[in-house]
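A short write-up of the structure that comes next.
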Amino acid sequence: MARWLPRSTDLTRFCQKLNRVKTLEDDMMETSFNRCLSTIDLTLLGIGGMVGSGLYVLTGTVAKEIAGPAVIVSFIIAGFASLLAALCYAEFGARVPKTGSAYMFTYVSVGEIWAFLIGWNVLLEYMIGGAAVARAWSGYLDSIFNHKIKNFTETHVGAWQVPFLARYPDFLAAAILLVATAFISFGAKVSSWLNHVFSAISMGVILFILIMGFVLAQPKNWSTQEGGFAPYGLSGIMAGTATCFYAFVGFDVIAASSEEARNPQRAVPRAIAFSLGLATGAYILVSVVLTLMVPWHTLDPDSALADAFYRRGYAWAGFLVAAGSICAMNTVLLSNLFSLPRIVYAMAEDGLFFQVFSRVHPRTQVPVIGIVVFGLLMALLALVFDLEALVQFLSIGTLLAYTFVAASIIVLRFQQQKGDVPVPVASSRPNPEPHEGPSGSELKEYESFSDKLQLVDRDKNKEQREPGQLKAAFEPYLEFLSDFYPGEVVTVAVVTLMVSAICLCSILVFGNTHLHLPTWSYSLLLVLFSLGFLLSLLLIWAHEQQHSTQTFQIPLVPLSPALSIILNIYLMLKLSYMTWLRFAIWLLLGLLVYFSYGIWHSKENLREPQPQHVSTRYVVFPGGSLEERVQAVQPSSQPATGLPDTDIDDCKR
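What follows is the structure, encoded as structure tokens:
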């Protein structure tokens, strides 16, 4: 039976296949897309993805049922938490200006299978999200006309009583998705122009809400007679934060559009910062005026803003609010339909998904096949399926993508940049075949003379170490870590950090409720896993980072990405078990697609390793100065030619 077991070399090769990273082109600005989007275009795309129907519905729901007027604090905390993830996206979008968003960022730093699973989950996230927004758009418009559309459909088409299917087919939701698909297929410039129109109307309505709201504001609505500013206390504020966090998930459309930006190194970080700042400000200010206009406990969760104006005697303002809500939902639809085909294109271009989706129309310069196919699938979902049970699934895909992007930032920051020679520090592994000099001393062997000069310069200035190497200040205390190649210890520490974060958050979420741990074991486990998290963080910090580049870099690495990781994991564990069950089923389907198609058609799998032809090696005799003697020798695979010794000046010539 032992002969049927895989050999260790085969398992090693298989694991290397799963964790291989994407090889980036030398010129990352070269693309088959049309680089036509400016910073303003990207900013409005981000605002359109974040400021949707949530502004008109979510604020009232959280204020009425979860946090009261302290929903303002919830949005501030949620905005800061989203900023941690957004900064990670901003650095990656500037450094790797390729479409694909979280999928691409994970592929270039963590590994292939993880990137595929991230892309696979983001794919479903956008499909369900777009279909759900289309149904919300249809329902909102139908409510304006006293549900005449719904009644007509149920009377002439019929109603269904089938699990997982909607009560009636929503033709209006499917129609708006098909119209949006047609506009998106015309090209990035047309999509951007249409988004500008809807965003301008939506922002105009928001400005009207703020002006009228502050005019009608009554500070007594925050008084103790009405329950006070934070009637649900700190727990209500934090519960509201978890809900408000999902209002900011649309900024990744900017990263997905980086391959169509004119100057992505500058435009992507600025657009993410501007859009997130404006969206956070809009949510906070609308929450302020809403809870000041009417008492928070009397809000209508389904249409809080329109109902607030109606109760203050401005019923006509409800029509403006309805118009703004519909325009805001249109921008979210465009954002989903804009991002989804580009992520599918990135996966197909790398060979991990079906190749047909990597075709770009020569005139419009967009992946038109992906736009049409996934637009039709999204319309089908909106037409017949009951999406209420699946909407919560959106959260887990987004949080998983945020977690991997934050981990990728740490891994990438402590890797050597492209073109660097990976050389361990002085106390690292010795060469396998040292040569003996004339006096019997050991000789150092280098592949080229330029490598020799680079290493001599390092010996003269040991303070300038490569990324991923242990800092000189920690070498006396952590000398055993010097035996590893640059970046190896950091990678292991990142995995340990994530495992510690999962265990720590599991104890926080389930320790008292599901596990019923006694106080002493609960406290002990919290301390142990917290120490594991902090020690991993300190171990990463003890290594050299990449030197400052010309593109944007997130500050306080590894602290900022680590905080994002533990926050995202905590929010993921707060989701229901049914969400995790659906997530596991979708992951299994993704693994089936990957192992049946992606792993075999991956471009990295087809890429042949380039043999290193070494024509000459230089053996350097130990000496006390730069004027060392250099002997040219042939590699072991070639016969020796007996070249004479030369001085270093001869080698330079």
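Position in the sequence shown (first residue = 1) + 23 = my numbering. C-beta: ideal position from N, C-alpha, C; glycine also.
Taking a contact as a CB-CB distance under 8 Å, the pair residue 387 and residue 263 does not count as one, their CB atoms being some 43 Å apart. The three-state reading of DSSP puts residue 56 in coil, since its state is none of H, G, I, E or B. For residue 506, there is no enclosing alpha helix (DSSP H), as DSSP marks it with neither H nor E. Contact annotation, residue 281 with residue 46: C-beta distance approximately 19 Å; criterion of less than 8 Å not satisfied.
For the pair of segments examined, the stretch 601-612 was found not to touch the stretch 105-114: the number of CB pairs separated by less than 8 Å stays below three. Just measuring C-alpha positions, the residue of 614, 188, 319 sitting nearest residue 247 is 319.
Between residue 291 and residue 117, the beta carbon gap of about 5 Å places them in contact (Cβ cut-off 8 Å). For the pair residue 70 and residue 426, the Cα-to-Cα distance works out to about 22 Å. Judged by their CB atoms, residue 356 and residue 200 are nearer to each other than the 8 Å cut-off. Of all alpha-carbon atoms in 491, 58, 120, 86, the one lying nearest the alpha-carbon of residue 49 is that of 120. Closest in alpha carbon position to residue 161, among 303, 339, 346, 258, is 346. Where residue 130 is concerned, the enclosing alpha helix (DSSP H) starts and stops at 125-130.
The C-beta of residue 500 has fewer than 16 other C-beta atoms within 10 Å across all chains shown, which makes the residue exposed.
Residue 407 holds the alpha-carbon nearest to the alpha-carbon of residue 186 among 622, 574, 572, 407.
Per DSSP, residue 382 is not a residue of any alpha helix (DSSP H), being assigned neither H nor E. One thing to note: residue 419 has its Cβ no nearer than 8 Å to the Cβ of residue 255.
When secondary structure is reduced to three states using DSSP, residue 320 falls in the helix class.
Taking the CA atoms as reference points, residue 314 sits about 36 Å from residue 194. In summary, residue 267 is buried, with 16 or more beta-carbon neighbours lying within 10 Å of its beta-carbon over all protein chains present. In terms of Cα proximity to residue 434, the closest of 329, 337, 591, 114 is 114.
Look at residue 540 here: in three-state DSSP terms it is coil, with no helix or strand label. The beta carbon of residue 329 sits closer than 7 Å to those of 341, 344, 345, all from its chain and outside the five residues before and after it, given in chain order. By the Cβ-count criterion, residue 326 is buried, with 16 or more other Cβ atoms from all chains shown falling within 10 Å of its own Cβ.
Nearest neighbour of residue 567 by Cα position, chosen from 586, 627, 496, 546, turns out to be 496.
Taking all protein chains shown into account, residue 524 has 16 or more neighbouring C-beta atoms within 10 Å of its C-beta and is therefore buried. In summary, residue 536 is exposed, with fewer than 16 beta-carbon neighbours lying within 10 Å of its beta-carbon over all protein chains present. A distance below 6 Å between beta-carbons, with the five flanking residues on each side excluded, links residue 585 to the following residues of its chain, in chain order: 560. Contact annotation: the stretch 131-144 does not touch the stretch 383-400, with fewer than three C-beta pairs closer than 8 Å.
For residue 89, there is no enclosing alpha helix (DSSP H), as DSSP marks it with neither H nor E.
Around the beta carbon of residue 621, 16 or more other beta carbons sit within 10 angstroms, so the residue counts as buried.
Pairing residue 279 with residue 365, the inter-Cα distance amounts to about 7 Å. A Cβ-Cβ separation of about 14 Å leaves residue 316 out of contact with residue 338 under the 8 Å criterion.
Following the DSSP letters along the chain, one finds residue 275 inside the alpha helix (DSSP H) bounded by residues 275-279. In this structure, residue 422 lies near residue 595, with their beta-carbon atoms less than 8 Å apart. Short of 7 Å from the beta carbon of residue 58, and not among the five residues preceding or following it, lie these beta carbons of its own chain, in chain order: 283, 284, 285. With fewer than 16 neighbouring CB atoms inside 10 Å of its own CB, residue 216 falls in the exposed class.
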